[in-house]
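Okay, structure first, notes after.
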Amino acid sequence: MGIPFEDGNFSLFVRGFLGTLELSALSALFALLLGIVLAAFRVSPVPVLRAFGTGWVMLFRNTPLTLMFFAVTFVLPRLDVHISSFTAAVAALSIYTGSFVCEVLRAGINTVPLGQAEAARSLGMGFGQTLSLVVLPQAARAVLAPMGSVFIALPRNSAVAGAFNVFELFSVQKTLTEKGYAIFAIFFWVALAYLVISFSVGAVFSALERRTAVAR
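Numbering (my numbering), first residue to last: 1074 to 1289.
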């Protein structure tokens, strides 16, 4: 079983695989940063920040990812904001995934005993110091498993980008199908590529869980 890799098909497949890796890695980075900021807003003592964080998460967690892609691809140009299809895909995936990262982190923050924060405040630490130095490190250890699930899903979600002029694995599937190759073989190799990425991400988080378990 296989796709004939002559006539540049192998290089096409490799380009799609690397495109998915690049798109997923950048989106994961920005989603993590956005999620941390939003989680800080959600537990902030400032009501305006809490309201903003809550509204952001409620909006984007419940917005279909495809609709997010439509928004950044077709709405932004009408607002005179012009970015590449790849940048638009990173933005859509980061905003969408960042909302889930936020909620996972917030759940982890809620598992940290209140006495930890009170002890930090008694030492003269402000909210930012307490969150970054005391609460978040403990929360991150507690949510490694659910966080891994969020980032394992990200490469699969990135397949939506293939419908919006971003070259990645889904684009390879469309191109090879148009060339007339067997659909079952195409999907086998594309699914295998996604599986490799997912298992790699899972292995990273499993290793992190083992390390933090020893540290405790």
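Glycine is no exception: its CB is placed at the ideal position from the N, C-alpha and C atoms. In this text the structure is predicted, and so the values were computed from the model without any measurement.
Residue i versus residue j: straight-line alpha-carbon distance, rounded
i, j, result
"Asn-1185", "Ala-1212", "Going by the sequence as given, residue 1185 is Val instead of Asn. If you take the alpha carbons of Val-1185 and Ala-1212, they lie about 6 Å apart."
"Ile-1270", "Ile-1182", "29 Å"
"Val-1163", "Glu-1095", "10 Å"
"Val-1145", "Ile-1156", "9 Å"
"Leu-1265", "Thr-1250", "17 Å"
"Gly-1092", "Met-1131", "30 Å"
"Phe-1103", "Ser-1167", "6 Å"
"Val-1245", "Gly-1089", "6 Å"
"Glu-1241", "Ser-1100", "14 Å"
"Ser-1117", "Glu-1191", "15 Å"
"Arg-1194", "Phe-1200", "8 Å"
"Val-1207", "Leu-1187", "11 Å"
"Gly-1298", "Val-1119", "Missing from the structure shown is residue 1298; the chain here goes from 1074 to 1289 and no further."
"Ala-1165", "Leu-1105", "14 Å"
"Thr-1160", "Val-1110", "21 Å"
"Leu-1152", "Trp-1129", "20 Å"
"Phe-1083", "Ala-1276", "26 Å"
"Phe-1272", "Ser-1279", "10 Å"
Where the alpha helix (DSSP H) through residue i begins and ends
i, result
"Met-1220", "1217-1230"
"Thr-1254", "It is worth fixing the name first, because residue 1254 is Tyr in this sequence and not Thr. Note, Tyr-1254: premise wrong, no alpha helix (DSSP H); not H, not E."
"Thr-1184", "1158-1184"
"Phe-1103", "1082-1115"
"Ala-1193", "1187-1195"
"Thr-1139", "1138-1143"
"Val-1121", "1120-1134"
Rounded distance between the beta-carbons of residue j and residue i, thought under 8 Å
i, j, result
"Arg-1179", "Ala-1112", "5 Å"
"Ser-1097", "Ser-1205", "Not a contact, Cβ separation roughly 26 Å."
"Leu-1085", "Thr-1285", "Actually they do not touch by this definition, with Cβ atoms about 40 Å apart."
"Tyr-1267", "Pro-1228", "6 Å"
"Phe-1133", "Tyr-1169", "6 Å"
"Val-1274", "Ile-1225", "5 Å"
Below-7 Å beta-carbon distance, residue i vs any chain C residue
i, result
"Pro-1137", "Looking at the structure shown, chain C is missing, and only one protein chain is on hand."
Residue i beta carbon near the ligand FMN (any heavy atom closer than 6 Å)
i, result
"Val-1116", "As for the ligand FMN, it is missing from this structure, which has no ligand bound."
With three or more beta-carbon pairs closer than 8 Å as the criterion, would you say the region 1220-1227 touches the region 1169-1183?
In this structure the region 1220-1227 lies against the region 1169-1183, because at least three pairs of beta carbons, one per stretch, are closer than 8 Å.
### Query
Is the number of C-beta pairs between the region 1136-1144 and the region 1226-1238 that are closer than 8 Å three or more?
Judged by Cβ distances under 8 Å, the region 1136-1144 makes contact with the region 1226-1238, as three or more pairs qualify.
Would you call the region 1251-1270 and the region 1111-1125 in contact, with 3 or more CB pairs under 8 Å? No contact exists between the region 1251-1270 and the region 1111-1125.
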